[in-house]
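In our numbering, the protein residues as written are 1226 to 1341.
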């Protein structure tokens, strides 16, 4: 795992990134505006980030984003719920939004930790 100081935003320069996992970041409260520069992002997984309260506004501009998982992120689940969430319109253009982890995704996330 790599910890990046707050004053650095290296991911803003990775416009070819297609998959992003943010896993077990309980101190993370919001995602930064540079999210909009991840123009190639197709899959975005947020897992076990209990303090995360909102996504960057720029998530709307990620036209290639097809799959978004919110797993074990109760504040995000409430805010972006497709039926009752106050910000559900911000992710309405994403074809596959999942609020619960399925067996396949649990295996993929666990494989990150087993690789160490």
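Backbone N, C-alpha and C define an ideal beta-carbon position, used for all residues, glycine too.
Cα-Cα, which of the options is closest to residue i?
i, options, result
"residue 1333", "1301, 1253, 1271, 1239", "1271"
"residue 1274", "1260, 1246, 1261, 1315", "1246"
"residue 1254", "1299, 1322, 1307", "1299"
"residue 1260", "1278, 1297, 1240, 1312", "1240"
"residue 1326", "1296, 1309, 1308, 1277", "1296"
Which residues in the same chain as residue i place their Cβ atom closer than 6 angstroms to its Cβ, once the five residues preceding and following it in sequence are excluded?
i, result
"residue 1263", "1242"
"residue 1319", "1290, 1293"
Which residues share a DSSP beta bridge with residue i?
i, result
"residue 1329", "BP columns for residue 1329 are empty, so no partner."
With 8 angstroms as the threshold, decide whether the Cβ of residue i is near any Cβ in chain C.
i, result
"residue 1290", "Protein chains in the displayed structure number just one, and chain C is not present."
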